[in-house]
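The block underneath contains the structure these notes are about, expressed in structure tokens.
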Amino acid sequence: MILRKIFTLIFLSIFICCEKIDDREEKPNIILIVADDLGWSDMSYMGSKYYETPNIDKLSESGMTFFNGYASSANCAPSRATMLTGKYHTDHGIYTVRNSDRGNKKTRKVIPIKTETILDLNYFVIPEMLKSEGYVTGHFGKWHMGPKGFYPEQSGFDVNIAGNENGGPGKGGYFSPYLNPMLEDGPEGEYLTDRIGDEAIKFIDENQKNRFFAYVPFYSVHTPIQSKKEYQEKYSKKSGDEYHNRSDYAGMIQSLDENIGKIVDKIKELNLLESTLIIFTSDNGGIRSISNQFPLRAGKGSYYEGGIKVPLIFSWKGKIKEKSESYDRISNIDFFPTIKKIIGHENEKLNLDGLDINPILKGGEIKKRSLFF
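Heads up: the sequence shown begins at 1 in the working numbering, then just goes up one per residue.
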């Protein structure tokens, strides 16, 4: 009888341990990479013959590429607010950057509406959900969700590198000294995109035995258009076309691509590919005067396709079929419910506006719906 009890206890202990291991395996690390102002056609996997993005191309091949991926807004702050909250602008109140009557009223064609400039701290956002599920959370790059006092640390991030109130890299531009209150200056001339990539890699290395969430919203390729000198010189000797031809912008894209490659290589090095979901996208369309998104019309700031259609890739080795493609219309408003489902977060009272796209990632379909911008 005593022996039976002992064996029962041992069996239960093994079963509980296995349950914990299975739970650990089913809740992947998550890396969310968001480029700034990167257009839908600004990668070589999307057909550009001028820009070079071998690492993003490999990421595309490693998982599912969405050819009808959308940002929820045509500029940065409202798009990021919707992505992080999983709620439309009518809920969080951020409709544009700064004043909504900006621009020429003859071409604006909309009636200005009151807009918020702060993502209220009462909103439950993706990093807070992940933190509640035991994730270590790190932010690396652009925040732009409010003034001082509304930084990533107040929204569920354990680590914040470079995130502040600015919508761009700030007065220091892309070369150190950066003049960024949330980023220590590097050696003079250090390139910001490289620094953000290095900081993300350091976080991953330090937390390889934890479950982690790395949010990497690069400042690149937001203005000012500043490339490394040698990269700009490289592309100045390369023939472009009528749509893609700026050597300094091409150099910025190369640096962005290299640092995305460094992050993925670190995940490979640590043997974490099968336990890491990687999402790559842009916060809105590209700036038309810098990089024309033909055949899409217009660009950043416009609600024609060029302003809201963006690159979008989901990669998770063993879970998402390699070299798979989708033409479903997906928005960054869908990230929250999708991640929520993957990690098994049980709060059903969040009233999210997006859809869980896991059925698509598994080769199925989601219900038909309208997207709003």
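Note that the Cβ used here is the ideal one computed from N, Cα and C, for glycine as well. Here the structure is a predicted model, which is why all the values come from computation and not from measurement.
Do you know offhand how far ARG24's Cα is from ILE360's?
-> Position 24 of the sequence shown, counted from the start, is the residue given in the question as residue 24. Position 360 of the sequence shown, counted from the start, is the residue given in the question as residue 360. Note that ARG24 scores a pLDDT of 41, beneath 50, so its modelled location is shaky; the value from the coordinates is reported in the next line. In a straight line, the C-alpha of ARG24 is about 23 Å away from that of ILE360.
Closer than 6 Å by C-beta to SER227: which residues in its own chain qualify, once you throw out the five before and the five after it? Chain order, please.
-> Within the sequence shown, residue 227 is the residue found at index 227, counting from 1. ASP248, GLY251 and MET252.
Per DSSP, the bridge partner or partners of GLY138 | Within the sequence shown, the letter at position 138 stands for residue 138. Here GLY138 is bridged, per DSSP, to VAL159 and ALA214.
Measure from the alpha carbon of ILE126 to the alpha carbon of each residue in ILE342, ASN99 and THR53, then state which is nearest.
-> Position 126 of the sequence shown holds residue 126. ILE126 has its Cα closest to that of ILE342, out of ILE342, ASN99 and THR53.
With a floor of 4 residues, list each alpha helix (DSSP H) that falls wholly inside the stretch 181 to 268, ordered by position along the chain.
-> Taking only runs of at least 4 residues, the alpha helix (DSSP H) segments lying wholly in the stretch 181 to 268 are 192 to 206 and 229 to 236.
Going by the CB atoms, is the gap between LEU32 and TYR215 shorter than 7 Å?
-> Stepping through the sequence shown from its first residue, residue 215 is reached at position 215. Stepping through the sequence shown from its first residue, residue 32 is reached at position 32. The answer is yes: Cβ separation under 7 Å.
On the three-state DSSP scale, how would you describe ASN99?
-> Stepping through the sequence shown from its first residue, residue 99 is reached at position 99. Coil.
Check whether LYS317 and GLU274 have beta carbons under 7 Å apart = For the purposes of this step, residue 317 is taken as residue 317 along the sequence shown, with counting starting at 1. For the purposes of this step, residue 274 is taken as residue 274 along the sequence shown, with counting starting at 1. Their beta carbons are under 7 Å apart, which means LYS317 touches GLU274 by this criterion.
Pull up the CB-CB distance for THR65 and GLU365, whole angstroms please, since I reckon it's below 8 Å.
-> Indexing the sequence shown from 1 puts residue 65 at position 65. Indexing the sequence shown from 1 puts residue 365 at position 365. Rounded to the nearest angstrom, the Cβ distance from THR65 to GLU365 is 17 Å, too far for a contact under 8 Å.
Taking only the alpha-carbon atoms, compute the straight-line gap between SER176 and PHE314 and give it to the nearest angstrom.
-> Position 176 of the sequence shown, counted from the first residue, corresponds to residue 176. Position 314 of the sequence shown, counted from the first residue, corresponds to residue 314. Distance between the alpha carbons of SER176 and PHE314: 32 Å.
How big is the Cα-Cα spacing for ASN358 and THR82?
-> Here residue 358 refers to the residue found at position 358 of the sequence shown. Here residue 82 refers to the residue found at position 82 of the sequence shown. When rounded, the distance between both Cα atoms is 19 Å.
Coarse secondary structure for MET145, derived from DSSP in three states | To locate residue 145, count along the sequence shown from 1; it is residue 145. Here MET145 sits in coil by DSSP.
When you compare each of TRP143, ASP205, GLY93 and ASN55 to ASP36 by their alpha carbons, which one comes out closest?
-> Numbered from its first residue, the sequence shown carries residue 36 at position 36. Of the residues TRP143, ASP205, GLY93 and ASN55, the one whose Cα lies closest to the Cα of ASP36 is TRP143.
Under three-state DSSP, which class holds GLU325?
-> By 1-based counting over the sequence shown, the position of residue 325 is 325. Three-state result, GLU325: strand.
Through-space distance from GLU153 to ASN55, alpha-carbon basis = Residue 55 sits at position 55 when you count from the first residue of the sequence shown. Residue 153 sits at position 153 when you count from the first residue of the sequence shown. The straight-line gap from Cα to Cα measures roughly 30 Å.
Cβ neighbours of TYR95 in the same chain (closer than 7 Å, five flanking residues each side left out) = The sequence position of residue 95 within the sequence shown is 95, counting from 1. Excluding residues within five positions, the ones whose Cβ falls inside 7 Å are PRO78, HIS89, ILE113 and THR115.
Flag this pair as touching only if the stretch 298 to 308 and the stretch 43 to 53 have three or more C-beta atom pairs under 8 Å; answer yes or no.
-> Cβ pair count under 8 Å is below three, so no.
Is DSSP giving LEU273 helix, strand or coil here?
-> Working through the sequence shown from its first residue, we reach residue 273 at position 273. In this structure, LEU273 counts as helix in the three-state DSSP scheme.
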